[in-house]
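Numbering (the numbering used here), first residue to last: 1000 to 2081.
Here the structure comes first, spelled out in structure tokens, and everything after it is commentary.
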């Protein structure tokens, strides 16, 4: 059956039992006065759209309901009663539903466990004051108070925001509501996991009745809170509804963070001890929480919450906030998250103004004490300014704290980034938590007392879960704001620790793509700072995901020939419209549909990224490795973890028994409109409620998981969605780790000991190999690689055709230097990809790759003082530099008088090709590049780049793209474009090159013709030569060195910026580690 489950489950009383008064009407602005329902006879005659206020609610034996009793109509019944009155419904419990029959017994499946009569928890517990202005066009005057208004502070009491009427929703007309519901109805059939969620036999009846309810005259609060509740019931973090502002701009926080500890066992099934891990010390927030709040100290043990122990509390409150199954260990993680903060659009704000905690002091006296902690609202200013201004313009009501002079900004032309069905562009990331992420960022930068000495700059919620650190252990910064590193070395542990906050790559002063540069930061760490460590752990706790193209390329650093994950989607009309009818024939989604046998429920498997593209760098670290995560590991983070576990690359350590279970590709409204603009319409007020940078969104939105990620190798066929990735070794902190000024980190101790034991067993501890640089830039002739080697019998060098170039015997157990010289002479300008294979006792233990870039001698550079340059054929100073996966016939080729690149649908790996010309001209010369070309390529997917590269490595682009700012593209993209321009730059070195680079995604149809390119020069007498090597440090990106690879910028790029990272990787160059090569391995 291929009907919606999300909205079927909404039939489990998806709206609260808020009664709606039909007696009180309010003035409606002129814009809304004539807005009528268009449901027609099915729902009665068309009625004028009018907002109604909620009547007071009282608690009855049956739950919350209206004060008055009597005959109820559709607008005064709760959703359960309303549905019961309109349809006869049958239901079956969904106990132990397992959508897959091949789960191993040791990997239990998390069931939905939905029971209609007993388990559903409605948001009916919202009080009248919660909604007193939610569905009206007029708000009460704010209460006089000494507390700051939203304009004065980011933090206010939840109670105050509730009383002053700020917790409202953007009002929608009946037509706008209908558009939202129609989008949901159209998208839900594509939800791949829906069949495992269906608890009813006659769910077609439910589907019809539920949408009829949502299209009735319910309040804005009932509409938005109800849809949020319906989606939440799926326990699916990728399929959810996000409410609109101003309500969604607020996040209620206790200022406390908690962590589970296990003193005597590593089994997550054992009832945990919950300990305070962080307490806010921001004076304003502390004053709002009250004087008793200061009693709470880091390390105190949580005994009860509102009179319940932790387990009872989470079981009684699970529905309010949990996107996880109650039986998963990720549910415990979610519970701790919600003890810290609730709201932000994806979950409702607390129904109470405060929460009651009972603690036992973590000090030796163990004093018991109780604290009533008022919720303090954190407000996202950007969200609030947009939504409160729109609310004022729509209703004429000025909410307290609305910006006085704020006007609606026009974002219709924003360069939104969509999830696109092309290799490498897919984003696998947690949805709906932008406000929470901003709070975590704020807390990390000085508003809290953290348990870490990390200096992370992440914008995700990962900061709250950074490594428990001691004074002896500090994480150091790198050129990537999301990567930190350190070495845990007490008692000779010598454990390398790399903290990766997100899989959305970013590098300061990126000169290539963020993916390529971030990979180089990691690669450089492994081959320099961390090369003498005994083991390595990647800390990805609370990593919310990102680009799988980036995540899929990291495993090759530890094991060769890694096969990335695959995915599949349902076969039905909804997915046909998304992935086939409105998609390029080159899309892998399109081809999967064509190759699927008739009658199949799911398509054939799709390679998310091609295997060849994620194995071009090879091994960089041979010692044992592991990943360290928790229940906050989402999407691409889970996919990365699964790859490590599937292929026996390393050990999965965890603070929870499993990751979140959100491994799927999800589409939000923008994605759906992008893929199918015929059947989907933009969400109401999208442009008005989107920030100029596109990062903050305050409109009502939803997302649906449309493709299922499937694991391989050891766990072939298993999904990640709902199930997550199970931990190999559970490693929770001990109570001593969470004490103020702790001197222990037992988590790292246990991880280090486990990995060293693993290395002793597998003999990985005997292996060592480093060959730098990754890129060798040579003048025509043979080349030599110098390597540090231990634990191998021999190392052999191969070319791309598999021919042996050189081999060296090495049988020493100690680290020592060997030289490998390729006798073959490389005479033609261009790139060459070579492979190094090492063996021990007849078994392969190393497979890694290097790049050899052949450049002309200085004498063969074109001298611009002697003559101007006109682009002609390949010569001693003009060469074609192709990516390793780009065949020569796919790159730049001369056709007549023009240089041409053509791509077609048969190309499955993309194209990356550069035509590079080399010049000499005095420093200070004004150089002009004139080009005449025609560009016809897929917008936002294929780019033409025109750049100059100076001898010091600095690359200057001539174009700035408006298509994909997230990748910092600096190229030309689009259909039928003519380039007839001249560009001028100043030579800052006396030799440089001009590059024409074309980058195309897999299967794109593109054609680029360069009719002519001319380069000339003029001397600028006023140019002042540099007085020192550091004078142009800023312009040269902090000392970019000479060995600099050609600027491959596509999603599969592996030609990396090596020497750049040498200069800019570490904030403190004294942190570089050294070791006497004569010291034996331990």
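In this text, a Cβ means the ideal position worked out from N, Cα and C, and glycines have one as well.
Between the CA atoms of residue j and residue i - distance to the nearest angstrom
i            : j            : result
residue 1836 : residue 1794 : 6 Å
residue 1547 : residue 1582 : 21 Å
residue 1887 : residue 1881 : 7 Å
residue 1480 : residue 1520 : 11 Å
residue 1733 : residue 1343 : 32 Å
residue 1950 : residue 1384 : 48 Å
residue 1869 : residue 1899 : 16 Å
residue 1946 : residue 1866 : 21 Å
residue 1208 : residue 1690 : 36 Å
residue 2007 : residue 1584 : 20 Å
residue 1390 : residue 1170 : 8 Å
residue 1490 : residue 1531 : 16 Å
residue 1746 : residue 1498 : 14 Å
residue 1871 : residue 1440 : 53 Å
residue 1988 : residue 1957 : 18 Å
residue 1781 : residue 1857 : 18 Å
residue 1924 : residue 1994 : 18 Å
residue 1944 : residue 1885 : 17 Å
residue 1273 : residue 1646 : 34 Å
residue 1237 : residue 1702 : 6 Å
residue 1594 : residue 1722 : 28 Å
Residues of its chain near residue i, where Cβ-Cβ distance is below 6 Å and the 5 sequence neighbours each way are ignored
i            : result
residue 2077 : Because the pLDDT of residue 2077 is 33, which lies under 50, any placement of that residue in the model is unreliable, and the question is left without a value.
residue 1633 : 1429, 1543, 1544, 1659, 1661
residue 1166 : 1160, 1246
residue 1338 : 1257
residue 1226 : 1240
residue 1727 : 1650, 1651
residue 1251 : 1157, 1341, 1342, 1348, 1349, 1374, 1376
residue 1139 : Reliability of the predicted coordinates at residue 1139 is poor, the pLDDT of 34 falling under 50, and the value obtained from them is presented with this limitation in mind. So the list reads 1164, once near-sequence residues are dropped.
Cross-strand partners of residue i (DSSP beta bridge)
i            : result
residue 1248 : For residue 1248, which the question treats as bridged, DSSP gives no partner whatsoever.
residue 1777 : 1853
residue 1735 : Partner(s): none; residue 1735 has no beta bridge.
residue 2012 : 1930
residue 1495 : 1486, 1535
residue 1824 : DSSP output for residue 1824 lists no bridge partner at all.
residue 1876 : According to DSSP, which records beta bridges pairwise, residue 1876 is partnered with nothing at all.
Rounded Cβ spacing between residue i and residue j (contact assumed at less than 8 Å)
i            : j            : result
residue 1929 : residue 2013 : 5 Å
residue 1533 : residue 1654 : Actually they are not in contact, since the Cβ atoms of residue 1533 and residue 1654 sit about 23 Å apart, beyond 8 Å.
residue 1934 : residue 1976 : 4 Å
residue 1536 : residue 1625 : 5 Å
residue 1564 : residue 1711 : 7 Å
Close beta carbons around residue i, own chain, < 7 Å, minus the five adjacent residues each side
i            : result
residue 1724 : 1637, 1640, 1641, 1644, 1651, 1657, 1658
residue 1295 : 1255, 1275, 1278, 1358, 1370
residue 1401 : 1387, 1388, 1391
residue 1485 : 1472, 1473, 1474, 1475, 1496
residue 1696 : 1688, 1689
residue 1293 : 1285
Residue from the options whose Cα sits closest to the Cα of residue i
i            : options                : result
residue 1997 : 1990, 1987, 1936, 1984 : 1936
residue 1767 : 1942, 1845, 1976, 1442 : 1845
residue 1840 : 1227, 1798, 1791       : 1791
residue 1999 : 1889, 1919, 1992       : 1889
residue 2016 : 1393, 1608, 1926, 1885 : 1926
residue 1879 : 1916, 1897, 1859, 1863 : 1916
residue 1477 : 1902, 1355, 1517, 1433 : 1517
residue 1800 : 1883, 1352, 1894, 1736 : 1883
residue 1669 : 1604, 1742, 1183, 1284 : 1183
residue 1442 : 1744, 1154, 1979, 2004 : 1154
Own chain, CB closer than 8 Å to residue i, minus 5 neighbours either side, in chain order
i            : result
residue 1181 : 1680
residue 1677 : 1576, 1581
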